[in-house]
Amino acid sequence: MSKADEYVFKILLIGDRDVGKTKILDRFSDGVFDSMSISYIRVKLHSRSIELDGKIVKLQIWVSFDWFKPGILEVEVHPSVIDRYYKGVMGIMLIYDICNAKSFDNIKHHIRSIERHIQIEGAFRDVEIMLLGNKCDIEDERQVHKDTGERFAAEHGMKFMEVSARASINIEEAFFTLARQIMNRKEDATGSDDCTLEDGSDELRPKNSCVVQ
Ligand SMILES: Nc1nc2c(ncn2[C@@H]2O[C@H](COP(=O)(O)OP(=O)(O)OP(=O)(O)O)[C@@H](O)[C@H]2O)c(=O)[nH]1
Ligand SMILES: [Mg+2]
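Mapping to numbering that gives the first Met the number 0: the sequence shown position 139 is 138, numbers consecutive.
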């Protein structure tokens, strides 16, 4: 399969500090869970290609530091970094920790931040968003019921899953579900395999070459 036959879907992982964004990314991209946590890196990016209905889809996954927290990091991050982070986004994993109720409460703030940062008119509706409750391997410390997450997701028209990066539960399923949603939306929108370029221009690339960077 040539490069032109490959789709690229840009996906962001967003959530409070310590919810497990980096571990989810590591688990999905490398199949590893390393209990050492390094959170000083501002933006981490990994790609993994998957096959969806016989098509090769490269998931380009970006994870950031929690720069949205008022008064903490927002001021330190240059706006161009945030713009670059959001540019061409097609899917977002909103992540909370099932053992940390605050991280679930903050999901609504993250949604507002996303709405604010996705500038293109109407683009928010064009981004597929999925809600993930991570760390479901530690049931004893659970603070957020599964039903609560499910209900919130349904109210916001999002898919929902509980996952564990540590125990490798539902990580593959979550990314495949989001990728499928993006693919369905893209095909519904164009009625073909064309897609809009990352720079927002109306020009369409040839069939199957949905390149976002
Ligand atoms: N039990 C359990 N612990 C997890 C899981 N995922 C992550 N952790 C732990 O949670 C802590 C935070 O994980 P990270 O992946 O660094 O969290 P993050 O969201 O990237 O945090 P920041 O980069 O600071 O925003 C680490 O101590 C991980 O080992 C999980 O599925 N289960
Ligand atoms: Mg991290």
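We put the beta carbon where it would ideally sit given N, CA and C, even for glycine. Remember, predicted model here, so these are calculated numbers, not experimental data.
Verify the contact flag: S163, CB atom, against every heavy atom of ligand 1, threshold strictly below 8 Å.
Taking the sequence shown and counting its residues from 1, one reaches residue 163 at position 164. At least one heavy atom of ligand 1 is nearer than 8 Å to the Cβ of S163, so yes.
Counted within 10 angstroms of its Cβ, other Cβ atoms place R150 as buried (16 or more) or exposed
Translated into positions along the sequence shown, residue 150 becomes position 151. With fewer than 16 Cβ atoms within 10 Å of its Cβ, R150 is classed as exposed.
Among residues of its own chain, excluding the 5 on either side of M89, which ones have a beta-carbon nearer than 6 Å to its beta-carbon?
Residue mapping note: residue 89 aligns to position 90 of the sequence shown, counting from 1. Taking C-beta separations shorter than 6 Å and ignoring five residues to either side along the sequence, the partners of M89 in its chain run F8, K9 and I181, following chain order.
Could you tell me if H214 is buried or exposed, where buried requires 16 or more neighbouring beta carbons within 10 angstroms of its beta carbon?
Any question about residue 214 goes unanswered here, given that the chain covers just 0 to 212.
heavy atom of ligand 2 below 8 Å from V62 C-beta:
Position 63 of the sequence shown, counted from the start, is the residue given in the question as residue 62. V62 Cβ: within cutoff of ligand 2.
Spatial distance of F159 from F103 (CA atoms)
Along the sequence shown, read from residue 1 onward, the residue named residue 159 stands at position 160. Along the sequence shown, read from residue 1 onward, the residue named residue 103 stands at position 104. Whole-angstrom Cα-Cα distance: 13 Å.
How should K134 be labelled, buried or exposed, when 16 other C-beta atoms within 10 angstroms of its C-beta is the threshold for buried?
Walking along the sequence shown from the start, residue 134 turns up at place 135. That one is buried.
Is D104 near ligand 1 - that is, is its Cβ less than 8 Å away from at least one heavy atom of it?
Translated into positions along the sequence shown, residue 104 becomes position 105. Checking the Cβ of D104 against ligand 1 gives no.
Going by other Cβ atoms of all chains shown within 10 Å of its Cβ, with 16 needed for buried, is I235 buried or exposed?
Given that the chain is displayed from residue 0 to residue 212, the structure contains no residue 235 and the question cannot be resolved.
Under a three-way DSSP split, which group does N183 fall into?
Your numbering for residue 183 matches position 184 in the sequence shown. N183: helix per DSSP, three-state reduction.
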